[in-house]
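Some notes on the structure that comes next.
In the working numbering, the protein residues as written are 168 to 260.
What follows is the structure, encoded as structure tokens:
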């Protein structure tokens, strides 16, 4: 299934924003938390001129990512680990 190009480019840009080291420092965790929130915010707002099929895919991806973030936070996972999971899911769908 094709992914909207803008979404992929945005997520790639945000990837540089987050650190994925297992023993991430508090500053890295803050950066990862911001990246997680920005990734979700990007999914919440449709790109101008999106086709119906892209819009449906965006909504599915948003729901999946929100569930992942909620679950990760309930399990006490680090924000950087959550961001890494988000990136893997976004690019393997």
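Cβ atoms here follow ideal geometry from the backbone N, Cα and C, with glycine treated the same way.
These numbers were taken from a predicted model, which means no experiment stands behind them.
query	result
Anticipated Cβ contact below 8 Å, residue 203 with residue 246, distance rounded	6 Å
Residue 236 and residue 210 closer than 8 Å at C-beta	no
Alpha carbon of residue 241 to alpha carbon of residue 219, nearest angstrom	33 Å
Counted within 10 angstroms of its Cβ, other Cβ atoms place residue 249 as buried (16 or more) or exposed	buried
Proximity of residue 225 and residue 213 at Cβ, strictly below 8 Å	yes
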